[in-house]
Amino acid sequence: MLNTNILNINPDTVCFIIAKAKEFHAKEEVTFRESIPESEYEYDWSQILADHDDDLTFAEVKHVIEDLEPDQQIDLLTLMYVGRGDFDINEWSDARKEAKSNLAPNLTGYLLSKPLIADYLEKALELLGYSCEE
């Protein structure tokens with residue numbers, strides 16, 4: 009049985025990031041550059057950075073994520089992997105090892121480049137017995 013007290017990050021912090029991700033992805037008038045990206049990775053980055061350099065929601069969530077300890081950032085990425093279905097919740101330690109080896113220098117940009125990041129994080133929290141509902 010999985011120990012659900014495995015998080016190094018406060019679930020309330022994750023819920024804040026979820027709320028900001030939803031707010032960020034709900035915005036309209038995103039523009040994309042005219043050149044076609046050569047890879048999915050490049051497309052993700054073009055999506056997240058399109059007209060968002062001065063976005064206050066992005067800046068706010070970036071500040072929160074950058075202030076996290078490395079173990080907390082790793083857990084945030086692990087939550088994405090589990091919520092996305094890359095790993096089963098019982099494979100937490102494997103997911104965490106993968107997250108640790110793939111921790112992006114710009115974690116905020118990487119996470120917010122995923123349009124369903126809020127859903128992934130919410131699902132993973134639910135699997136651990138947490139909820140963002142008040």
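According to our numbering, the sequence shown holds residues 9 to 142 in order.
All residues carry an ideal CB built from backbone N, CA and C; glycine is no exception.
To the nearest whole angstrom, what separates the beta carbons of residue i and residue j, a pair I think is in contact under 8 Å?
i    : j    : result
L119 : M88  : 6 Å
L133 : V22  : 6 Å
I82  : L135 : Actually they do not touch by this definition, with Cβ atoms about 17 Å apart.
What's the gap between the Cα of residue i and the Cα of residue j?
i    : j    : result
H33  : P123 : 7 Å
A67  : Y138 : 26 Å
Q80  : K105 : 13 Å
L129 : L84  : 8 Å
A107 : S101 : 10 Å
R125 : A29  : In the sequence on display, residue 125 carries Ile and not Arg. I125 and A29: Cα-Cα distance of roughly 7 Å.
V72  : S121 : 17 Å
D20  : E141 : 10 Å
D94  : P78  : 21 Å
L15  : E99  : 14 Å
With C-beta atoms as the reference, is residue i less than 8 Å away from residue j?
i   : j   : result
I17 : L76 : yes
I25 : V90 : no
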